[in-house]
Amino acid sequence: MNQKRFSLPRIPRHVIAIFVAVIVVAPVKTLSDEDPFNGIEPFEQEFLITAYYSPIPGQCCYVKGGLKADKILNGEGLIAADGTGVYPGMIAAPPSYKFGTHIALPGLGMFEVHDRGGAILEREDGVHRLDIWVGHGEEGLARALTFGLQSFTGTVYPTGGPQPQTSFLFDSLPLFFARLNPYKPSDGNFLSVRPKLGDRGLSVMMLQEHLKAAGYFDHSETDLFGPETQRSLAGFIRDYQLDEPEDELTEKTAAYLLAASYRSDARDPVGGYVDKSSAPSVVTEAQRILRFLGYYKGRTDGEYSDELASTILKFQQDNKLVGTINDPGAGRIGPITTKALELAWNRKLVAKRAERLFDLKRIEDMLVDRGEIIERYLGEGEGWSEVRQLQQILADKGYFPSDLISGYFGGQTREAVLSYQMSHGLISGPDDVAAGFVGPMTLEQMNKERVREYYSLMRAEGWGAL
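Numbered per this note's numbering, the sequence shown finishes at 587, counting up by one with no gaps.
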């Protein structure tokens, strides 16, 4: 019996190759199409995005008032929720996003989910919250504040499917350090900041401003601690005979620099040249400044005597301005000797003022360790432990009833803060945007008053009294 033979049509090889490639490369959805998170196929999603940073010690300012408060807001800033160390491209997403999920955000880059956040949730309107990590310290905080709150339509790559490579550069974000100014105390917390060579931030600009006020920086302020800033700082350290590094700002250098900048408007110690022809008033100035510096022992009589000439010579020799009495200008005060006298005079006065700044900083640090300094901005409706401390401070000053201390910031606490602010000239009136809120200026004022109270006690009874 003859059997009819059937054959399938021949498929070209190149068609088979294309078909196989599509099967291998194209993502295959394995679960229900109703919930995109159950599949592995990329999908688009509407996002509302903020940025967060890692706070570190020694910043000029903190968005919540202090290191502890900023850590509560942003986390410790070292390790994400899944144990991954922070890095550019890490993002916090709602719990429905598995760790390792990648998210593409147009114009920003490709991010990977490693972190969570109390406010990072899926909203009822279908928009999901995300939080991008943008760095450490002042630079990270400035990026976060500059970024603000933005809307994006992104692409989600669920785990199990193709995962593009993470790609995100901090330089792709605008960065304005001026955003930090509203959170900066009036003195910028200068003795606590530690900018070093290569750093960027508001602390660097503060360093340059103080160097300029002291006469050591003649360039426009920038946010970069570069070679010019280092040379200026090195010159100040050399002139004030400080045994401190030249590529970073230490507490000692900061105290001397702050004290020196306070003296930026001081007049010259001697009002003219000093020799036999000088006016008695000018000679008297020379006698007084040389006595202050420990050189002159004679009478302050305005007489250019041999004793005064010998004293001037001794000062000149100590400062390597002349060698012997026969050198030009020896025993007389001209431009070069006047400059040396001014530096020696400033050095001694600055050292005294710096010691006071050291003492104030030491007391402040002690009060911080004891928990007697508030390090958080406070407003109505909050119930932090610092609110009770605030109420106690206001009660001690007569602004708040001591029997109503509760630890809750209500209307009566707001009115007490408002009264305190008005009495200290911190706000223009009850309608001021800062009225009733314990922000940078109010917090600084309260803490400074506390420190000064202890400083007066220390001066009167010694450190043991504290």
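From the three backbone atoms N, C-alpha and C, an ideal C-beta is built for every residue, glycine too.
Apart from the 5 residues on each side of it in sequence, residue 321 sits with its Cβ closer than 7 Å to the Cβ of 260, 344, 345 in its chain, given in chain order.
According to DSSP, residue pairing for residue 168 in a beta bridge involves 249, 273. For residue 232, the uninterrupted beta strand (DSSP E) segment begins and ends at 230–236. Residue 511 holds the alpha-carbon nearest to the alpha-carbon of residue 560 among 585, 519, 511. Each residue's CA atom was taken as its position, placing residue 502 and residue 535 some 10 Å apart. Contiguous beta strand (DSSP E) elements confined to the stretch 269–324 occur at 271–278, taking only those with 3 or more residues.
Using a Cβ distance threshold of 8 Å, residue 252 and residue 337 do not count as a contacting pair.
The alpha carbon of residue 271 has as its nearest neighbour, out of 385, 311, 279, 227, the alpha carbon of 227. DSSP places residue 340 outside both helix and strand once states are collapsed to three, so it counts as coil. The stretch 535–554 and the stretch 446–459 do not touch, with fewer than 3 CB-CB distances between them shorter than 8 Å. Per DSSP, residue 404 has no beta bridge partner at all. Residue 375 sits in a helix when the DSSP states are folded into three classes. Under the rule that a run must span 3 or more residues, no beta strand (DSSP E) segment is found entirely inside the stretch 404–436. By the neighbour-count criterion, in which 16 or more other beta carbons inside 10 Å mark a residue as buried, residue 400 falls on the exposed side. Each of 568, 533, 523, 498 was checked against the Cα of residue 189, and the nearest Cα belongs to 498.
Nearest to residue 365 by alpha-carbon distance, out of 221, 315, 395, is 315. Taking C-beta atoms as the reference points, residue 385 and residue 335 count as a pair closer than 8 Å. Contact annotation: the stretch 361–379 touches the stretch 474–483, with at least three C-beta pairs closer than 8 Å. Of all alpha-carbon atoms in 371, 283, 356, the one lying nearest the alpha-carbon of residue 325 is that of 371.
Judged by their CB atoms, residue 421 and residue 405 are nearer to each other than the 8 Å cut-off.
Residue 522 counts as exposed, since fewer than 16 other C-beta atoms from the protein chains shown sit within 10 angstroms of its C-beta.
Residue pairing by DSSP places residue 175 opposite 257 in a beta bridge. Under the three-state reduction of DSSP output, residue 493 falls in the coil class, being neither helix nor strand. When only Cα atoms are considered, residue 302 and residue 439 end up about 45 Å apart. DSSP places residue 331 in the helix class (H, G or I) of the three-state scheme. Judged by DSSP in its simplified three-state form, residue 478 adopts helix. Around the C-beta of residue 290, fewer than 16 other C-beta atoms lie within 10 Å, and the residue is accordingly described as exposed.
In this structure, residue 230 places its C-beta atom within 8 Å of the C-beta atom of residue 210. At least 8 Å separates the beta-carbon of residue 263 from that of residue 241. Under the Cβ criterion (8 Å, minimum of three pairs), the stretch 569–587 counts as touching the stretch 479–496. Contact between the stretch 217–225 and the stretch 274–281 is present: three or more C-beta pairs spanning the two stretches fall below 8 Å. The secondary-structure analysis by DSSP pairs residue 545 with nothing; it has no beta-bridge partner. Listed in chain order, the non-local C-beta contacts of residue 201 below 7 Å within the same chain comprise 207, 211, 235, 236, local neighbours out to five positions each way being set aside. Closest in C-alpha terms to residue 494, from the list 468, 388, 292, 565, comes 565. DSSP lists 395 as the bridge partner or partners of residue 454.
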